[in-house]
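Protein chains in written order, with this note's numbering: chain A, 2 to 81; chain W, 2 to 81; chain C, 20 to 166; chain X, 20 to 166.
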């Protein structure tokens, strides 16, 4: 399983702040995204605005994710 | 009479913070300076570093001063 | 000190803690909730959420970047979470340095970096709905379109 | 508020007074007494004097210049007189503005202008004598030469 955390507008669109995806083997973030979007179709239109973190650090689409990892879906940050 | 106020290093050099010069008619700041420097010779070497104010506002050498005016001798300011 | 906190920010105490005989300058930035108005509606309050502990770590990284880039002796950053009313502080940055140039530059750098990299999100709650700042997602008429 | 004061500066209260729902940013600058050291001697304290009321008026003029140059809603400048111990604040500048860019620029402008035009003078009292900053006049070995 991969734990997926959602924040801000992404949590709002998905209707949840946390979900789990039954991923058995390693794959890339880019490969994980369709699984997230399939589970939460309202997220799909946000794709181009989103960043991702794997285990608490920003990661690009070619980053690997494995069972046990924590993936965070990050809309444009707006602190300050 | 013209009242002359001295500040900071200028007061230090002159050994006083205030003096009066018996000026009867109007003259310019540039003409006043030799009278100040004659009264307080230790000020003379500071001349190029000094600014002047007449009645509380910066003034140049060609500014007129008359009996009753307050002239301030201002070393480089160092607030902050 | 780098912290994400629920309670209101005590900026005076933060500055007091930065006073030091080896510094001549303290530059401080405080971000506050501004009441925006449009089309007869107004912002009532802001609400912040963060991805922790990543957000805490990013604040510390900004502090480390500043200490690499400038001669500063003290950096504090506090950021509020939860509801922040109009006129209240949501972020406070305090930088003490021997000289004023680095203090000014570093405090400006800190707020710009916070707005770029720290996973914190702000929801504006208006009298007629809310909107996630930056995503334009929400329940206000203007914001309900696609992001 | 523009004032030249004898007592210590309460920066927290000054910032508190600048909080306003029409502003999103408060930039603050605090100048403090830094212990300088050279040739085995050290600065023990600073002593400030001013030409008043000209100095008070110049502070107000700087405030007016800032309000002409930037969209700011609040400017406070306080400057100490008399003895200021190491680590204490000698000047505090607080600028509140709707946007952070003008707040940062205006606070920097204020301290630069103070150092250019406000008739205030600083005497560094060292363990081995004193020196008038800017004039290099005093009783320390290095400073006793011609200005």
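Even glycine gets a Cβ: it sits at the ideal position worked out from N, Cα and C.
Only a predicted model underlies this, so the values are computations on that prediction, with no experimental measurement involved.
Worksheet item: Roughly how many angstroms separate the alpha carbons of residue 3 (chain A) and residue 57 (chain A), rounded to a whole number?
Response: Computed Cα separation, rounded: 14 angstroms.
Worksheet item: What does DSSP give as the partner residues of residue 20 (chain A) in its beta bridges?
Response: Bridge partners of residue 20 (chain A): A:5.
Worksheet item: Just curious, the beta strand (DSSP E) that residue 99 (chain X) is in, first and last residue?
Response: Note, residue 99 (chain X): beta strand (DSSP E), 93-99.
Worksheet item: CB residue 121 (chain C) to CB residue 53 (chain X), shorter than 8 angstroms?
Response: Contact: no.
Item to complete: Please determine if the stretch 139-149 of chain C and the stretch 123-130 of chain C are in contact, where contact requires at least 3 C-beta pairs separated by less than 8 angstroms.
Response: Counting Cβ pairs under 8 angstroms, fewer than three are found: no touch.
Discussion item. For a cutoff of 8 angstroms on Cβ pairs, would you count residue 88 (chain X) as touching chain D?
Written reply: Given the protein chain composition of this structure (A, W, C and X), no chain D is represented.
Practice prompt. Taking a Cβ distance cut-off of 8 angstroms, strictly less, list which residues of the stretch 109-135 of chain C are near chain A, in chain order.
Written response: Listed in sequence order: 109, 110, 130, 133, 134, 135.
Item to complete: Assign residue 26 (chain W) to buried or exposed, taking buried as 16 or more other Cβ atoms, counted over all protein chains shown, within 10 Å of its Cβ.
Response: Residue 26 (chain W) counts as exposed, since fewer than 16 other beta carbons sit within 10 angstroms of its beta carbon.
Discussion item. Between the alpha carbons of residue 78 (chain W) and residue 8 (chain W), how many angstroms are there, rounded?
Written reply: Taking the straight line joining both Cα atoms gives about 10 angstroms.
Worksheet item: Below 8 angstroms between beta carbons: does that hold for residue 38 (chain W) and residue 30 (chain W)?
Response: Between residue 38 (chain W) and residue 30 (chain W), the CB-CB gap reaches or exceeds 8 angstroms.
Worksheet entry | Whole-angstrom C-beta distance between residue 95 (chain X) and residue 38 (chain X), which should lie under 8 angstroms | In this structure residue 38 (chain X) does not touch residue 95 (chain X) by the C-beta definition: roughly 12 angstroms separates them, more than the 8 angstroms allowed.
Fill in: Contact check, residue 114 (chain X) vs residue 69 (chain X), beta carbons under 8 angstroms
No, Cβ-Cβ distance for residue 114 (chain X) and residue 69 (chain X) is not below 8 angstroms.
Worksheet item: Between residue 21 (chain X) and residue 100 (chain X), is the Cβ-Cβ spacing less than 8 angstroms?
Response: Result no, Cβ atoms of residue 21 (chain X) and residue 100 (chain X) do not sit closer than 8 angstroms.
Fill in: Contacts around residue 149 (chain C), its chain only, beta-carbon distance under 6 angstroms, and the 5 residues preceding and following it disregarded
The answer, listed in chain order, is 142, 157, 158.
Worksheet item: Thinking C-alpha only, which one of W:41, W:71, W:64 is nearest residue 16 (chain W)?
Response: That would be W:41, whose Cα lies nearest to the Cα of residue 16 (chain W).
Worksheet item: In chain A, which residues lie less than 8 angstroms from residue 40 (chain C) when you measure between Cβ atoms?
Response: Contact annotation for residue 40 (chain C) against chain A: no contact, minimum CB-CB distance about 31 angstroms [criterion: below 8 angstroms].
Discussion item. Determine whether the beta carbon atoms of residue 66 (chain A) and residue 55 (chain A) lie at a separation below 8 angstroms.
Written reply: Contact flag set, yes.
Discussion item. Given a cut-off of 8 angstroms on the beta-carbon distance, is the pair residue 107 (chain C) and residue 51 (chain C) in contact?
Written reply: One thing to note: residue 107 (chain C) has its Cβ within 8 angstroms of the Cβ of residue 51 (chain C).
Discussion item. I'd like to know if residue 44 (chain X) contacts chain C, where contact means its C-beta is closer than 8 angstroms to some C-beta of that chain.
Written reply: Answer yes: the Cβ-Cβ gap between residue 44 (chain X) and chain C drops below 8 angstroms somewhere.
Discussion item. Taking 8 angstroms as the threshold (beta carbon to beta carbon), is residue 36 (chain X) in contact with chain C?
Written reply: It does not; no Cβ of chain C falls within 8 angstroms.
Discussion item. Assuming the contact rule is C-beta atoms closer than 8 angstroms, residue 144 (chain C) and residue 64 (chain C) should be a hit. Round their C-beta distance to whole Å, please.
Written reply: Between residue 64 (chain C) and residue 144 (chain C) the Cβ distance is about 5 angstroms, and since that is below 8 angstroms, they are a contact.
Practice prompt. Could you check the C-alpha separation between residue 63 (chain W) and residue 92 (chain C) for me, to the nearest Å?
Written response: Going by the C-alpha atoms only, they are around 48 angstroms apart.
Fill in: Within chain X, the residues that residue 6 (chain W) reaches when beta carbons sit closer than 8 angstroms
Chain-order list of chain X residues neighbouring residue 6 (chain W): 70, by C-beta distance under 8 angstroms.
Discussion item. Quick check on residue 148 (chain X) - is its C-beta less than 8 angstroms from some C-beta in chain C?
Written reply: It does not; no Cβ of chain C falls within 8 angstroms.
Worksheet item: Nearest to residue 23 (chain C) by CA position, among C:132, C:76, C:119, C:160, is which residue?
Response: Ranking C:132, C:76, C:119, C:160 by CA distance to the CA of residue 23 (chain C) puts C:76 first.
Worksheet item: Beta-carbon of residue 27 (chain C) versus every beta-carbon of chain X: anything under 8 angstroms?
Response: It does not; no Cβ of chain X falls within 8 angstroms.
Practice prompt. Please report the residue range of the beta strand (DSSP E) in which residue 109 (chain X) lies.
Written response: Unbroken beta strand (DSSP E) run through residue 109 (chain X): 108-116.
Worksheet item: Looking at the C-beta of residue 163 (chain X), does it have a partner C-beta in chain W at a distance below 8 angstroms?
Response: Because residue 163 (chain X) carries a pLDDT of 46, less than 50, the predicted location of this residue cannot be relied on, and no value is offered for it.
Fill in: Short-range partners of chain X found in the stretch 14-45 of chain W, where Cβ spacing is below 8 angstroms
Taking 8 angstroms as the Cβ-Cβ cut-off against chain X, the residues of the stretch 14-45 of chain W that qualify are 14.
Discussion item. For a quick check, are the C-beta atoms of residue 22 (chain A) and residue 5 (chain A) less than 8 angstroms apart?
Written reply: The Cβ atoms of residue 22 (chain A) and residue 5 (chain A) sit closer than 8 angstroms to each other.
Worksheet item: Is the beta carbon of residue 60 (chain X) less than 8 angstroms from the beta carbon of residue 89 (chain X)?
Response: Against a cut-off of 8 angstroms, the Cβ pair of residue 89 (chain X) and residue 60 (chain X) comes out as no contact.
Discussion item. Could you compute how far the alpha carbon of residue 48 (chain A) sits from the alpha carbon of residue 124 (chain C)?
Written reply: Rounded to the nearest angstrom, the two C-alpha atoms are 35 angstroms apart.
Item to complete: Taking C-beta pairs closer than 8 angstroms, name the residues in chain X that residue 105 (chain C) reaches, listed in chain order.
Response: Those are 40, listed as they occur along chain X.
Worksheet entry | Cβ neighbours of residue 27 (chain X) in the same chain (closer than 8 angstroms, five flanking residues each side left out) | Correct list, in chain order: 99, 107, 108.
Worksheet entry | Coarse secondary structure for residue 57 (chain X), derived from DSSP in three states | Of the three classes helix, strand and coil, the one that applies to residue 57 (chain X) here is strand, per DSSP.
Fill in: Nearest neighbour of residue 74 (chain X), chosen from W:18, W:14, W:12, W:80 [CA to CA]
Closest by alpha carbon: W:80.
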